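Asks: Numbering (this note's numbering), first residue to last: 16 to 352.
Even glycine gets a Cβ: it sits at the ideal position worked out from N, Cα and C.
Bear in mind the structure is a predicted one, so any value in this text is a computation, not a measurement.
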């Protein structure tokens, strides 16, 4: 716009041109000004003097340059015929500016060398980046292969786990069945154990244990046991050889220890009579011998727990006694606490 301020359309700027040519030149300069101003105005400005003042006021005139305000320009007929920007409202055309290359050659060379160096650096960085991308691509491919392998292994492991879970479910069902069977078997075993204990206790009721009989080598244990029993129950003297079935020592032989003798009777009533007579036998007490019932370990444990109650009842002058593993006080069975 600086050229616009210094521009003029008077005839003195075109000394070798006629007034008509001057008007044509001014019109072309106005067109060039409008082209340089681009979109400054929304509509084409008029170039003739016959334009109405309302449309001219859209672009106000600029002040004249010193050259245009000189007396020679004011007196020139060409200027009066063309009109001034203030009178006609026409903007002067800008001067054509010529630009010359004022960059020194050494600076251009330096810039070119720096540009080439930058280009080489960019190429080097691009090559390095490409190499890294290639390496990363290979590494990514290896990682993908490993991930795929791990995925396959996990799938195989999942399949194995599924099979194992299925087998575990089957085993669980079998364990439940076995637990049910085991519970039933446990109950059956308990019943059988109880019955076996009762049978053992009952079978031992046919036996008596003689303690204190001297132990000798090559000893007739059965004959000596029968003679002791005949002394305990003289009235059954002739019946005892047939009533006594088997007689033997208990357990292995040990030094300085006299083993007991177990006597099995063939007749239960003779066994019970001898057992009652042995409780008050003077012969047994004189010879440091005694007869005892053949009890199981379970029966002995029951008696051990019942003995304090029996002892207490006897101190109170009550009738207290054992019958096998059972205890009675005044005819009433008692139980351990």
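For residue 233, name the three-state secondary structure that DSSP assigns.
Replies: coil
Asks: Comparing C-alpha positions only, which one of 295, 337, 300 sits nearest to residue 308?
Replies: 337
Asks: Can you tell me which residues form a DSSP beta bridge with residue 261?
Replies: 279
Asks: Should residue 202 go down as buried or exposed, given a rule of 16 or more other Cβ atoms within 10 Å for buried?
Replies: exposed
Asks: In the DSSP assignment, find the unbroken alpha helix (DSSP H) run with residue 215 in it and report its ends.
Replies: 120-219
Asks: Just grab the DSSP bridge partners of residue 251 for me.
Replies: In DSSP, residue 251 forms no bridge with anything.
Asks: How would you call residue 162, buried or exposed, if buried means at least 16 neighbouring beta carbons within 10 angstroms?
Replies: Exposed.
Asks: Any chance the stretch 214-233 sits against the stretch 270-278, with 3 or more Cβ pairs inside 8 Å?
Replies: yes
Asks: Taking the C-alpha atoms as reference points, what is the distance between residue 205 and residue 321?
Replies: Rounded to the nearest angstrom, the two C-alpha atoms are 23 Å apart.
Asks: On the premise that residue 298 lies in contact with residue 247, defined as a C-beta separation below 8 Å, what is that separation, rounded to the nearest angstrom?
Replies: 6 Å
Asks: Terminal residues of the continuous alpha helix (DSSP H) containing residue 298?
Replies: 297-301
Asks: If the criterion is Cβ atoms closer than 7 Å, does the pair residue 282 and residue 258 meet it?
Replies: yes
Asks: Does the beta-carbon of residue 93 have 16 or more other beta-carbons within 10 angstroms, so that it is buried, or is it exposed?
Replies: Low confidence applies to residue 93: its pLDDT is 41, below 50, so where it sits in the model is not reliable, and the reading given next is rough at best. Its Cβ being crowded by 16 or more others within 10 Å, residue 93 is buried.
Asks: Using the Cβ count rule (16 or more neighbours within 10 Å means buried), how would you classify residue 243?
Replies: buried
Asks: Name, in chain order, the residues that DSSP records as bridge partners for residue 289.
Replies: The partner list for residue 289 (beta bridge, DSSP) is empty, contrary to what the question assumes.
Asks: For residue 331, name the three-state secondary structure that DSSP assigns.
Replies: In the three-state scheme derived from DSSP, where H, G and I count as helix and E and B as strand, residue 331 is classed as coil.
Asks: Check the DSSP bridge columns for residue 223 and list the partner residues they point to.
Replies: 278, 308
Asks: Taking Cβ to Cβ, would you say residue 340 is nearer than 7 Å to residue 317?
Replies: For residue 340 and residue 317, yes; Cβs fall inside 7 Å.
Asks: Expressed to the nearest angstrom, what Euclidean distance is found between the alpha-carbon atoms of residue 286 and residue 323?
Replies: Note on geometry: alpha-carbon atoms of residue 286 and residue 323 lie some 28 Å from one another.
Asks: How far does the beta strand (DSSP E) with residue 350 in it extend, from its first residue to its last?
Replies: Residue 350 -> no beta strand (DSSP E), and no H or E assigned at all.
Asks: So is residue 255 buried or exposed if we call it buried at 16+ other beta carbons inside 10 Å?
Replies: buried
Asks: What residue from 212, 290, 164, 300 has the CA that sits closest to residue 311's CA?
Replies: Of all alpha-carbon atoms in 212, 290, 164, 300, the one lying nearest the alpha-carbon of residue 311 is that of 212.
Asks: Taking just the CA atoms, how far does residue 197 sit from residue 184?
Replies: For the pair residue 184 and residue 197, the Cα-to-Cα distance works out to about 19 Å.
Asks: Taking the continuous beta strand (DSSP E) assigned at residue 268, which residues delimit it?
Replies: No beta strand (DSSP E) holds residue 268; DSSP gives it neither H nor E.
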